[in-house]
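Here is the structure we will look at.
Protein chains in written order, with our numbering: chain A, 1 to 477; chain B, 1 to 409.
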């Protein structure tokens, strides 16, 4: 179990005064302090951890966020920013002495500019909401995390979220132009704007993925892209992980950049097929979903090339979609993966390591060994183009020993990712979940250096202070 | 090579390994002696001059240390010339995605630029508009901080959100926060073929409207520029048009390039010209390397970045106001400006950029001018305070390229 930092006793003692002060700063209904109404904010997508916060503030403007921060900074009150609460790493887990600043009321789209291909949105607009606002003109916002229906762009910025199409379109950091932020002192700053590559230090790049450690994000200027003429998918099934991995390498080496390249192992195939009846090959050890873009003729050309490559790797079966409907059917199982695993096991941990793609067969073999050692089932879903591995570790939340083993198993998988040359997290963030594993990837002096940067923005460690950095090593910063 | 500005930059401390760099930085820290940090010094004429008695170069840290084509990852020591990296990638049909410019003509130098220098300056070419900046593809770095310590950030995998992204902070920090000793890049397959649609005779406003329509088309445009007749005349393949040209680039397999350039020509204008692969390569190299503002032009050169539709008005303002010349890349959003190297000219460029809500970078000017003006936009005080603290967090004795971007930082 992961510990929480010691709450500040003086803050807990002043709770009523702090709530009253926040109520004076914000509209009547924007401060929550009643225990029953605080309950929904006690956890996020990492539901194993819960902590009721001191209070919740729901600002509806940047000015209100700034007012909250000026007050909290002056009073030494910690804050925890929160979007939709979909973080799988506990990025929005509250602290007992912290005010949660929920961004869900800041859900306006402020500007859409097709000629200059950007949109300005408030932090509480959902990821899919951006695409929804521009798709009638054929545009979209590229990063597409699985939670895109619910997750908010402010959280995407904080976690530098990815998705299934990163190989071609990049992650959140590659699709931003500007941010409006509120500093810990309550100053409002515009970083970047509607133009590319602002001169000076790359604060935009540093803030993206900083997990709420450096500032609060209230507005985001994103690039919007025109969609290509169409997309189509194909499915290839193989008799081993090694062969499927070799096929991925051959596709990349051929000069084709597929827009998506998803890998599922045998347990994932079976779980998804039982759930979605997508026609997945149950005899396969590994399966690839490969998606290409362009006109119908371009899609045909690319799929023919890829088919030829796949055929050189003795596939068990190949299914090339002939229509948008058939593509949807191929994706149906993959997109329902979380629901499918949830049907087998109501509780599971979704891990998020990254490995050099050439090490996939070895890593899957060792995960299989760990699965037997820990006596827990695991299914692996892998963004094969970029090496982002999502083992879904199934456990029983009613059995504390099972949960403990699942956490140990997950930690071992992430250590393995680092050991083979990868990293602890590709798109979910460190949060509380991987906080204590940071020394696996970073030397002590490197963590001290990162903490110095954190302290340059937030000298009093008021911003999301229970995340990212190992709890015991903070004093050194 | 252009005469270096600082007295000893021609004879820098140039260790042959990372430990040597760390030792040199540590020694400079103990002595409280600022260092001019550089690779081969090919872009040393950018931004403000550094007041330092000694120079530290990474030019002897050379060599590709890791290249995995099927994983799209390459790692090289900071002093490795870009040309060496491009050659290694080319053998496997891959390329550096952000297409960094070769500014040797602009700076009048033949020093080969290093990958460390490119990372430290975060300069990207025409492909930036579609595929991201140099910093977008820096997966990992090793850096010697002002504390004299070696740290790494990122790694050698394509996705990584573990901890603060110091690669982004270091990229484009011009050696003021650390000495980059090794860089890992994401690379991609190089396109089989390049094609260019040329729309001659459009003024800047109409030209940007056309290339903006192309960028908003479903045809995956990877370059979009507008050159006035005078700039086009400097590019042999374009001179014959005798007119301003709007340029749209497609890079892909040959059949796709043929299909999409023709679709764009039909959608944009029936009398557009399509350039073949070889000609396209020459034209876009010229746009990338700022050939329209070569070494033969006296004076100062700026890069202004604004929203694409504002590019023409920025250009018009500086042409009318200070007799500047210029051209537009990045769909209109990157304005290259050349004008007399005077403080009033700089003020006019800065004012035009600011009025359009964008930013400027002084790329080239004589040292006295560079020393006395804001070469990049000043930061508001609340941000400048953070900047000072971040600088102190990485370079506590202020020995790394002091004053290169901002006076006193």
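Built from N, CA and C at the ideal position, the CB exists for glycine as well.
Everything numeric in this text was worked out from a predicted model, so none of it was measured.
For a contact defined as C-beta to C-beta under 7 Å, what are the partners of residue i on chain A?
i	result
residue 25 of chain B	Result: empty, since nearest Cβ-Cβ is about 14 Å, beyond 7 Å.
residue 379 of chain B	200
residue 307 of chain B	116, 194, 195
residue 383 of chain B	189
Using a Cβ-Cβ distance under 7 Å, would residue i count as near chain B?
i	result
residue 359 of chain A	no
residue 404 of chain A	no
residue 68 of chain A	no
residue 409 of chain A	no
residue 452 of chain A	yes
residue 470 of chain A	no
residue 477 of chain A	Legend: pLDDT at residue 477 of chain A = 42, less than 50; position of this residue unreliable, value from coordinates given subsequently. No, residue 477 of chain A does not count as interfacial toward chain B.
residue 388 of chain A	yes
residue 174 of chain A	yes
residue 189 of chain A	yes
residue 2 of chain A	no
residue 112 of chain A	no
residue 186 of chain A	no
residue 457 of chain A	yes
residue 446 of chain A	yes
Going by beta carbon distance, what residues of the same chain come within less than 7 Å of residue i, once the five residues before and after it are set aside?
i	result
residue 156 of chain B	66, 73, 75, 139, 140, 184
residue 418 of chain A	424, 440, 441
residue 230 of chain B	325
Given that residue i touches chain B, what residues does it touch there, using C-beta distances under 7 Å?
i	result
residue 449 of chain A	145, 151
residue 295 of chain A	259
residue 423 of chain A	155, 157, 160, 162
Give me the chain B residues within the contact set of residue i, using Cβ-Cβ distance strictly less than 8 Å, ordered along the chain.
i	result
residue 430 of chain A	161, 162, 163
residue 208 of chain A	165, 168
residue 183 of chain A	382, 386
Taking residue i as the query, report the chain B residues whose CB atoms sit under 9 Å from its CB, ordered along the chain.
i	result
residue 166 of chain A	158, 159
residue 156 of chain A	Simply none; closest approach about 11 Å.
Residue i CB to nearest chain A CB: under 7 Å?
i	result
residue 136 of chain B	yes
residue 403 of chain B	no
residue 372 of chain B	no
residue 204 of chain B	no
residue 225 of chain B	no
residue 189 of chain B	yes
residue 254 of chain B	no
residue 116 of chain B	no
residue 212 of chain B	yes
residue 398 of chain B	no
In chain A, which residues lie less than 8 Å from residue i when you measure between Cβ atoms?
i	result
residue 418 of chain B	Missing from the structure shown is residue 418 of chain B; chain B here goes from 1 to 409 and no further.
residue 43 of chain B	None at all; the shortest Cβ gap to chain A is about 14 Å.
Keeping to the same chain, check which residues put their C-beta closer than 6 Å to that of residue i; ignore five residues upstream and five downstream.
i	result
residue 475 of chain A	For residue 475 of chain A, the predicted model reports a pLDDT of 48, less than 50, meaning its position is unreliable; a value from the coordinates is still stated below. Nothing listed; no residue qualifies.
residue 207 of chain B	226, 246
residue 366 of chain B	341
residue 70 of chain A	186
residue 357 of chain A	387
residue 289 of chain B	101, 102
residue 375 of chain B	47, 48, 362
residue 286 of chain B	235
In chain order, what residues of the same chain have a beta carbon less than 8 Å from the beta carbon of residue i, not counting five sequence neighbours either side?
i	result
residue 412 of chain B	Nothing can be reported for residue 412 of chain B, as the shown portion of chain B is limited to 1 through 409.
residue 376 of chain A	393, 394, 395, 402, 405, 406, 409
Residues of chain A with a CB under 9 Å from the CB of residue i: which are they?
i	result
residue 192 of chain B	255
residue 172 of chain B	197, 199, 200, 201, 202, 205
Minimum length 3: unbroken beta strand (DSSP E) runs contained in the segment 123-206 of chain B: 138-145, 150-154, 178-189, 193-200
Would you list, in sequence order, the uninterrupted beta strand (DSSP E) runs of no fewer than 3 residues that lie entirely inside the segment 326-371 of chain B? 334-339, 359-364
Report the residue ranges of all beta strand (DSSP E) runs contained in full by the segment 363-436 of chain A; include only those spanning at least 3 residues, in chain order. 378-383, 388-395
Residue ranges of each beta strand (DSSP E) within the segment 63-111 of chain B, 3 or longer: 64-68, 73-77, 94-96
Give, in chain order, every unbroken run of the alpha helix (DSSP H) that is at least 4 residues long and sits entirely within the segment 232-270 of chain B. Uninterrupted alpha helix (DSSP H) stretches at least 4 residues long and entirely within the segment 232-270 of chain B occur at 236-239, 254-268, given in chain order.
In chain order, what are the residue ranges of uninterrupted beta strand (DSSP E) at least 3 long that sit wholly in the segment 101-143 of chain A? 109-113, 118-122
Which residues, in order along the segment 69-97 of chain B, keep a beta-carbon less than 7 Å from a beta-carbon of chain A? 69, 70, 71, 72, 93
For the segment 328-346 of chain B, which residues have a beta carbon sitting closer than 9 Å to at least one beta carbon of chain A? Answer set for the segment 328-346 of chain B: 330, 331, 332, 333, 334.
Listed from N- to C-terminal order along the chain, which residues in the segment 62-96 of chain A have their beta-carbon within a distance smaller than 8 Å of any beta-carbon of chain B? In summary, no residue of the segment 62-96 of chain A has a CB separated from any CB of chain B by less than 8 Å.
Those runs of the beta strand (DSSP E) which lie wholly inside the segment 6-61 of chain A and span at least 3 residues: 55-57
Mind checking the segment 299-330 of chain A against chain B and listing, in chain order, the residues whose C-beta falls within less than 7 Å of any C-beta there? Per Cβ criterion, the list reads 301.
When you check each C-beta in the segment 357-369 of chain B against every C-beta of chain A, which residues fall closer than 7 Å? 357, 358, 359, 360, 361
Near-chain A residues of the segment 121-132 of chain B - C-beta to any C-beta below 8 Å: 122, 124, 128, 129, 132
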